[in-house]
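Protein chains: 2
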Amino acid sequence: MAPVQAHLTIGDAARISGVKVPTIRFYEETGLLPHLPRSEGNRRLYDDAQVKRLAFIRHARELGFGLDAIRTLLTLQDRPDQSCAEADAIAGARLDEVRRRISSLKALEAELEHMVQACAHGRVAECRVIETLADHGQCSFHGEAEISSSRNDGSRSKMLRPA
Amino acid sequence: MAPVQAHLTIGDAARISGVKVPTIRFYEETGLLPHLPRSEGNRRLYDDAQVKRLAFIRHARELGFGLDAIRTLLTLQDRPDQSCAEADAIAGARLDEVRRRISSLKALEAELEHMVQACAHGRVAECRVIETLADHGQCSFHGEAEISSSRNDGSRSKMLRPA
DNA sequence: CTAGATGCTCTAGTAACTAGAGGAGCAAGC
DNA sequence: GCTTGCTCCTCTAGTTACTAGAGCATCTAG
Chain A
22 MAPVQAHLTI
32 GDAARISGVK
42 VPTIRFYEET
52 GLLPHLPRSE
62 GNRRLYDDAQ
72 VKRLAFIRHA
82 RELGFGLDAI
92 RTLLTLQDRP
102 DQSCAEADAI
112 AGARLDEVRR
122 RISSLKALEA
132 ELEHMVQACA
142 HGRVAECRVI
152 ETLADHGQCS
162 FHGEAEISSS
172 RNDGSRSKML
182 RPA
Chain B
22 MAPVQAHLTI
32 GDAARISGVK
42 VPTIRFYEET
52 GLLPHLPRSE
62 GNRRLYDDAQ
72 VKRLAFIRHA
82 RELGFGLDAI
92 RTLLTLQDRP
102 DQSCAEADAI
112 AGARLDEVRR
122 RISSLKALEA
132 ELEHMVQACA
142 HGRVAECRVI
152 ETLADHGQCS
162 FHGEAEISSS
172 RNDGSRSKML
182 RPA
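As they're listed, the protein sequences go chains A and B. Here this note's numbering is used: the first residue of the first sequence is 22, the next is one more, and so on. Here this note's numbering is used: the first residue of the second sequence is 22, the next is one more, and so on.
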């Protein structure tokens with residue numbers, strides 16, 4: 022990366038780090054970033070270190086770490102002499118979680134496939150999709166799926182809008 | 022199913038359907054269940070049909086459908102003569118989503134594995150986990166993972182545990 | 001000098017619930 | 001009749017990780 026000037030605006034920090042402006046303010050509020058020095062006109066001033074911190078957070082978020090975990094990872098990063106066992110544990114826990122999720126989602130995929138394929142595309146009265154949903158006994162999937170999809174792609178609620 | 026008495030309390034409905042009491046009230050508030058008749062002492066009275074509706078909702082939630090989608094599926098269920106194309110579309114969209122998520126999580130799994138394996142379990146200063154997070158360039162994963170882990174663990178297992 | 005971009009704070013909204021306060025009904029035992 | 005303890009009622013607020021918008025101040029380019 023090219024050397025960065027010492028006094029960046031929040032907009033600059035956003036462009037460089039890829040984290041949105043309101044999100045950066047939110048991170049400061051919740052303690053992931055320190056309270057920043059301000060200009061005479063009360064604007065936050067960012068430097069290289071904060072931008073790097075933001076990039077760290079962003080990458081960790083992309084890998085699915087929660088903000089609590091990231092908070093811990095950041096304090097670890099600030100103390101390079103400590104053992105990294107805790108960072109290991111956090112990453113390992115996340116890996117386990119991802120694996121569990123994958124296997125759960127695969128079971129889900131199979132069940133949904135079954136549902137969709139069995140549907141004769143006729144009327145609701147003999148629709149397999151509806152029927153399977155109504156009667157849990159017909160269903161081979163008994164795990165817990167992840168239950169929080171619509172938030173991530175905001176288009177979904179519009180897409181599935183009731184007729 | 023065995024015939025059920027006409028006047029069940031909310032607690033009975035919860036036990037039979039596997040949906041928790043506050044959640045049932047929440048579903049009524051948000052229109053997934055109709056407003057229910059009350060007893061003299063102002064208690065909600067449930068019958069077989071409502072309990073079935075709850076079971077339908079619960080199953081659909083387990084399969085990861087959002088409440089908006091479920092609302093649509095329920096209105097479809099109420100009109101058995103209509104085409105089930107819309108139900109198909111909803112299930113199909115959910116299937117696509119699950120597949121996308123699986124492939125995204127697999128990439129994530131690979132990246133996390135890489136991170137964890139590369140860590141020499143020494144001090145933070147040379148920790149691969151921290152390093153990889155700090156420098157996105159080192160990382161082969163560039164998708165977006167699902168980004169909501171900590172809450173989901175807590176609430177979900179409780180939510181789907183049979184009462 | 002002014003228009004428009006950017007910044008500030010604050011509030012409220014999102015999904016799908018969960019938790020708790022504060023109160024009332026109800027069934028059983030004494 | 002009284003008490004104990006469970007269930008039920010309503011209401012508010014909290015969770016995660018933001019996002020949207022109001023209403024105002026400040027900065028920058030032409």
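We treat Cβ as the ideally placed atom computed from N, Cα and C, and that holds for glycine.
Counterpart residues of residue i in DSSP-defined beta bridges
i, result
"Ser104(B)", "Arg144(A)"
"Val65(B)", "It should be noted that the sequence gives Arg, not Val, for residue 65(B). DSSP output for Arg65(B) lists Arg59(B) as bridge partner(s)."
"Leu29(A)", "Tyr67(A)"
Local Cβ density within 10 Å of residue i, reported as buried at 16 or more and exposed below that
i, result
"Thr96(B)", "exposed"
"Ser124(B)", "exposed"
"Ser38(B)", "buried"
"Arg149(B)", "buried"
"His56(B)", "exposed"
"Ala76(A)", "buried"
"Glu50(A)", "exposed"
"Val42(A)", "exposed"
"Gly52(B)", "exposed"
Straight-line gap, residue i to residue j (C-alpha atoms, nearest Å)
i, j, result
"Gly87(A)", "Thr30(A)", "26 Å"
"Arg36(A)", "Arg122(B)", "27 Å"
"Asp99(B)", "Glu83(A)", "41 Å"
"Arg59(B)", "Gln103(B)", "33 Å"
"Glu61(A)", "Tyr67(A)", "14 Å"
"Ala155(B)", "Ala81(A)", "8 Å"
"Ala90(B)", "Arg64(A)", "43 Å"
"Glu118(A)", "Glu130(B)", "9 Å"
"Asp69(B)", "Thr153(A)", "18 Å"
"Arg45(A)", "Arg92(A)", "Looking at the sequence shown, residue 45(A) is not Arg but Ile. Those two C-alpha atoms are separated by around 14 Å."
"Asp33(B)", "Phe47(B)", "16 Å"
"Gln71(A)", "Leu54(A)", "7 Å"
"His28(B)", "His157(A)", "23 Å"
"Ala112(B)", "Asp109(A)", "39 Å"
"Glu132(B)", "Val40(B)", "37 Å"
"Leu94(A)", "Arg79(A)", "13 Å"
"Pro101(B)", "Arg74(B)", "15 Å"
"Leu126(A)", "Ala106(B)", "24 Å"
"Leu116(A)", "Ile151(B)", "15 Å"
"Gly85(A)", "Ala128(B)", "12 Å"
"Ala114(B)", "Ala114(A)", "30 Å"
**Report entry** Touch test, the segment 136-155 of chain B against the segment 142-156 of chain A, Cβ-Cβ under 8 Å, three pairs minimum
**Finding:** no
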